[in-house]
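Trainee: Chains G and Z, in that order, give the protein sequences.
Just so we're aligned, residue 4 is where the first sequence starts under the numbering used here, counting upward by one.
Just so we're aligned, residue 4 is where the second sequence starts under the numbering used here, counting upward by one.
Yeah, the Cβ is synthetic: ideal placement off N, Cα and C, and Gly gets one too.
In this text, all values refer to a predicted model and were calculated from it rather than measured experimentally.
2 protein chains.
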Amino acid sequence: MNTLIRKRHEAILTWLDVAAEKIKKALHDELEVEQKTNPSDLVTNVDKDIEQFLINQIKMTFPKSQILGEEGYGDRTIDLNHGTVWIIDPIDGTLNFVKQKENFAIMIAVYDEGQAIQSYIYNVMNSELVYAIKGEGAYCNNQLIKTPDNLDMHEGLYASSSIFYIGSEPLNEFHHNLSKLALGVRLKGSAGLEAIELAKGNTVGYTAHTLMPWDVAAGKLIIEEVGCVITTFAGDEPSLNGKESIIMGTPKAHRTLLSTLEQLHMNHNIC
Amino acid sequence: MNTLIRKRHEAILTWLDVAAEKIKKALHDELEVEQKTNPSDLVTNVDKDIEQFLINQIKMTFPKSQILGEEGYGDRTIDLNHGTVWIIDPIDGTLNFVKQKENFAIMIAVYDEGQAIQSYIYNVMNSELVYAIKGEGAYCNNQLIKTPDNLDMHEGLYASSSIFYIGSEPLNEFHHNLSKLALGVRLKGSAGLEAIELAKGNTVGYTAHTLMPWDVAAGKLIIEEVGCVITTFAGDEPSLNGKESIIMGTPKAHRTLLSTLEQLHMNHNIC
């Protein structure tokens, strides 16, 4: 870790602790919940407060940063390929946050000149912090995560986003085929927590439809640092430039996910 | 809690602690994994060891008990309606145990003269113990669980067993309709852990196909003690006498699950 990365790392750890305490305190009060695009797409006063807190901290400590945040308190436009860009999701899994008061995460990713340098996913209620530093691996509560066994889809558990259960063809067929192939299906309702599951080897593959950059950015570096693979449905590196449908897995499982998409001719229709 | 229930309660808590330590220790060694009916239906040396340990403890402390255990070390036949019957699942979620080394539970239920008296679900790796005493409520880590809000399916999260993703009609249609109705789908891969999720209000409904008595017994009392409802697909009380397909939910969500089954004429075809 060079001096700049170390400085950001220590700052981020401090902010995550403060943010987690704010969230836990807010859970004692009535949440103010608003619908965004539909009844499953929610935002609360806490998402907004935490995003504003993180943005203020970043701006004070690293004033030249560009910031992209889910709730829109960051910059209106960012150029991922130049300078330092912070991508933040104050609460990933807001539906879980509202309905379960657990199973959600704070996510932060930092890019320098278009390259992911460090990223953080913090499962607040079980105090599980996973982070990755480019070229230095990923860590779960400060323990290096070892590369998961390179198991194929039929040798492990498969996770997906809820959308696959309510979609129409060919999404349904895609999901049905993968569910039959895998040993079982698991579903947490947070793209960040699913990235942790894959990194730990708890699942071998994960598919998600139309994710936003803040859903993908932090997980991507963690996935790559443990030797797993993340792409769009077309097999391309995620651009983090708008909505993208994402597959991630062990190298073997990712190849199976991609070939399943190709067989269904979905890779260009759906992404 | 009368003297007998108290004596059993204290014994069970001690056994669960010892069993959890045995399991955690065993996770450091290579597991011996065998397939039962298919590649997703596994048993390990640890399931067998823990069942034998629990049965030995029960027989030493309460020698008149009948015992039904998943791995078959208990009695060959039991009469649930007479005397004291212990129903145990040494590791519920064995696929998670093998693949994730977390997200599994030890389950114990005690019946007197056909009536559930006390039951225990212990999520070993996150140290979450949920138990219920008939007429005295359910507790999560010794905190009384309050009755979850009586939310309907469209107001909450829906959980199911993996089988619904790989089934054929009308199971697929049933599952698809419910997934569309709910705010989202969640899936843990353990009937015991899903009972905890419902009891805590994290989900509003859960459906599972062809569960065995040891999958259902401990969860049933917990669900009922928090004011939720559990029946077969036909709306009957589970008999715990062989395979049964199960729905559980808040009173409102359970009614919706049952009417969805009736609309699909599944209640008599599938159970």
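Tell me the DSSP bridge mates of Arg189/Z?
Mentor: Taking the first residue of the second sequence as 1, we reach residue 189/Z at position 186. DSSP, once it has assigned bridges, lists Ala162/Z as partnering Arg189/Z.
Trainee: Can you find a C-beta in chain Z that's less than 8 Å from the C-beta of Lys102/G?
Mentor: Numbered from its first residue, the first sequence carries residue 102/G at position 99. Yes - at least one Cβ of chain Z is within 8 Å of the one on Lys102/G.
Trainee: The alpha helix (DSSP H) with Leu7/G in it runs from where to where?
Mentor: Position 4 of the first sequence, counted from the start, is the residue given in the question as residue 7/G. That run of the alpha helix (DSSP H) goes Thr6 to Ala29.
Trainee: For Glu54/G, which three-state DSSP category applies?
Mentor: Indexing the first sequence from 1 puts residue 54/G at position 51. Correct three-state label for Glu54/G: helix.
Trainee: Does the beta-carbon of Asn205/Z, which I'm using as the reference point, lie nearer than 7 Å to any heavy atom of the ligand FAD?
Mentor: Among the components of this structure there are no ligands whatsoever, and the ligand FAD is therefore not found.
Trainee: Please name the residue or residues paired with Gln60/Z in a DSSP beta bridge.
Mentor: Taking the second sequence and counting its residues from 1, one reaches residue 60/Z at position 57. None; Gln60/Z has no bridge partner.
Trainee: Please report the distance separating the alpha-carbon of Gly117/G from that of Gly159/Z.
Mentor: By 1-based counting over the first sequence, the position of residue 117/G is 114. By 1-based counting over the second sequence, the position of residue 159/Z is 156. Rounded to whole angstroms, Gly117/G to Gly159/Z spans 39 Å at the Cα level.
Trainee: Which residue marks the beginning of the beta strand (DSSP E) containing Gly252/Z, and which one marks its end?
Mentor: Counting from one through the second sequence, the residue named residue 252/Z turns up at place 249. Per DSSP, Gly252/Z belongs to the beta strand (DSSP E) from Glu247 to Gly252.
Trainee: Taking all protein chains shown into account, decide if Lys10/Z is buried (16 or more other Cβ within 10 angstroms of its Cβ) or exposed.
Mentor: Taking the second sequence and counting its residues from 1, the one referred to as residue 10/Z is at position 7. By the neighbour-count rule (16 or more Cβ atoms within 10 Å), Lys10/Z is not buried but exposed.
Trainee: Is Thr150/Z helix, strand or coil by DSSP?
Mentor: Reading the second sequence from its first residue, position 147 is the one you call residue 150/Z. Correct three-state label for Thr150/Z: coil.
Trainee: In three-state terms, what does DSSP make of Ile226/G?
Mentor: As a first step, residue 226/G is located in the first sequence; it is residue number 223 there, counting from the start. It is helical.
Trainee: Using only CA atoms, which one of Tyr134/G, Ala112/G, Glu74/G and Lys223/G lies nearest to Asp44/G?
Mentor: For this step, residue 44/G is matched to residue 41 along the first sequence. When each option's Cα is compared against that of Asp44/G, the closest is Glu74/G.
Trainee: Listed from N- to C-terminal order along the chain, which residues in the stretch 191-222 of chain G have their beta-carbon within a distance smaller than 9 Å of any beta-carbon of chain Z?
Mentor: Residues passing the 9 Å Cβ filter: Lys191, Gly192, Glu200, Lys203, Gly204, Asn205, Thr206 and Val207.
Trainee: Could you tell me whether the Cβ of Ser171/Z comes closer than 8 Å to any Cβ of chain G?
Mentor: Against the second sequence, residue 171/Z aligns to sequence position 168. No, no contact with chain G.
Trainee: Measure the CB-CB distance between Tyr134/G and Ile109/G and report whether it falls below 8 Å.
Mentor: If you number the first sequence from 1, residue 134/G lands on position 131. If you number the first sequence from 1, residue 109/G lands on position 106. No, they are not a contact pair.
Trainee: Smallest Cα separation from Ala29/G: which of Tyr76/G, Glu105/G, Lys67/G and Gln60/G?
Mentor: For this step, residue 29/G is matched to residue 26 along the first sequence. Closest option to Ala29/G, Cα to Cα, is Glu105/G.
Trainee: Quick one, are the C-beta atoms of Leu260/G and Gly208/G less than 8 Å apart?
Mentor: By 1-based counting over the first sequence, the position of residue 260/G is 257. By 1-based counting over the first sequence, the position of residue 208/G is 205. Yes, these two residues count as a Cβ contact at 8 Å.
Trainee: When DSSP builds the beta bridges, which residues end up paired with Tyr142/G?
Mentor: As a first step, residue 142/G is located in the first sequence; it is residue number 139 there, counting from the start. In the DSSP output, where bridge partners are listed per residue, Tyr142/G has Tyr134/G and Leu147/G.
Trainee: For Gly187/Z and chain G, any beta-carbon pair shorter than 8 Å?
Mentor: What you label residue 187/Z is simply residue 184 of the second sequence in a count that begins at 1. Answer yes: the Cβ-Cβ gap between Gly187/Z and chain G drops below 8 Å somewhere.
Trainee: Whole angstroms are fine: how far does the CA of Met156/G sit from the CA of Ile26/Z?
Mentor: Residue 26/Z sits at position 23 when you count from the first residue of the second sequence. Residue 156/G sits at position 153 when you count from the first residue of the first sequence. The alpha-carbon atoms of Ile26/Z and Met156/G are separated by roughly 27 Å.
Trainee: With distances taken Cα to Cα, identify the nearest neighbour of Thr263/G among Ile8/G, Met215/G, Glu35/G and Phe177/G.
Mentor: By 1-based counting over the first sequence, the position of residue 263/G is 260. Answer by Cα proximity: Phe177/G.
Trainee: Find out if the Cβ-Cβ distance for the pair Ile94/G, Asp50/G is shorter than 8 Å.
Mentor: Walking along the first sequence from the start, residue 94/G turns up at place 91. Walking along the first sequence from the start, residue 50/G turns up at place 47. For Ile94/G and Asp50/G, yes; Cβs fall inside 8 Å.
Trainee: Can you give me the Cβ contacts of Cys274/Z inside the same chain, cut-off strictly under 6 Å, excluding the 5 residues immediately before and after it?
Mentor: Locating residue 274/Z in the second sequence gives position 271, where the first residue counts as 1. Reliability fails at Cys274/Z, whose pLDDT of 48 lies under 50, so the model's placement of it is uncertain and the value that follows must be treated cautiously. So the list reads Thr235, Phe236, Ala237 and Ser248, once near-sequence residues are dropped.
Trainee: List, in order along the chain, the chain Z residues whose C-beta lies closer than 9 Å to that of Gly159/G?
Mentor: Numbered from 1 along the first sequence, position 156 holds the residue referred to as residue 159/G. In chain order: Lys102.
Trainee: Quick one: measure Cβ to Cβ for Leu19/G and Leu132/G, integer angstroms, because I've assumed they're closer than 8 Å.
Mentor: Here the question's residue 19/G lines up with position 16 in the first sequence. Here the question's residue 132/G lines up with position 129 in the first sequence. Going by Cβ atoms, the distance from Leu19/G to Leu132/G rounds to 7 Å, so yes, they are a contact pair.
Trainee: Under 7 Å Cβ-Cβ, which residues of chain Z neighbour Leu98/G?
Mentor: Here the question's residue 98/G lines up with position 95 in the first sequence. Ordered by position in chain Z, the residues that pass the 7 Å Cβ test against Leu98/G are Leu186 and Gly187.
Trainee: Put Cys274/G into one of helix, strand or coil per three-state DSSP.
Mentor: In the first sequence, counting from the first residue as 1, residue 274/G sits at position 271. Because the pLDDT of Cys274/G is 48, which lies under 50, any placement of that residue in the model is unreliable, and the question is left without a value.
Trainee: Does Ser130/G come within less than 8 Å of chain Z when only Cβ atoms are used?
Mentor: Counting from 1 along the first sequence, the entry for residue 130/G is found at position 127. No, because no Cβ of chain Z sits closer than 8 Å to the Cβ of Ser130/G.
Trainee: Could you check which residue in Phe100/Z, Ser182/Z and Asp78/Z has the C-alpha nearest to that of Val127/Z?
Mentor: Along the second sequence, one-based indexing puts residue 127/Z at 124. Of the listed residues, the one whose Cα sits closest to Val127/Z is Phe100/Z.
Trainee: Write down the C-beta distance between Ile70/Z and Ile91/Z rounded to the nearest angstrom, noting that I regard them as a contact closer than 8 Å.
Mentor: Indexing the second sequence from 1 puts residue 70/Z at position 67. Indexing the second sequence from 1 puts residue 91/Z at position 88. Right, the Cβ-Cβ distance comes to about 7 Å (below 8 Å), so this counts as a contact.
Trainee: Under 7 Å, CB to CB, which of the residues in the stretch 142-155 of chain G have a partner in chain Z?
Mentor: Residues passing the 7 Å Cβ filter: none.
Trainee: Please identify the residue among Ser130/G, Ser68/G and Leu98/G whose C-alpha is closest to the C-alpha of His85/G.
Mentor: The sequence position of residue 85/G within the first sequence is 82, counting from 1. His85/G has its Cα closest to that of Ser68/G, out of Ser130/G, Ser68/G and Leu98/G.
Trainee: For Thr87/Z, write down the residues that DSSP places opposite it in a beta bridge.
Mentor: By one-based count along the second sequence, residue 87/Z stands at place 84. DSSP lists Asp115/Z as partners of Thr87/Z.
Trainee: Thinking just about the alpha-carbon of each residue, which of Phe56/Z, Asn41/Z and Val36/Z is nearest to the one in Thr47/Z?
Mentor: Position 44 of the second sequence, counted from the start, is the residue given in the question as residue 47/Z. Among Phe56/Z, Asn41/Z and Val36/Z, the Cα nearest to that of Thr47/Z belongs to Val36/Z.
Trainee: Please classify Lys255/Z as buried or exposed, where buried requires at least 16 neighbouring CB atoms within 10 angstroms.
Mentor: Taking the second sequence and counting its residues from 1, one reaches residue 255/Z at position 252. Buried, because 16 or more other Cβ atoms sit within 10 Å of the Cβ of Lys255/Z.
Trainee: Where does Glu37/Z fall in DSSP's three states?
Mentor: If you number the second sequence from 1, residue 37/Z lands on position 34. If DSSP states are grouped into helix, strand and coil, Glu37/Z belongs with the strands.
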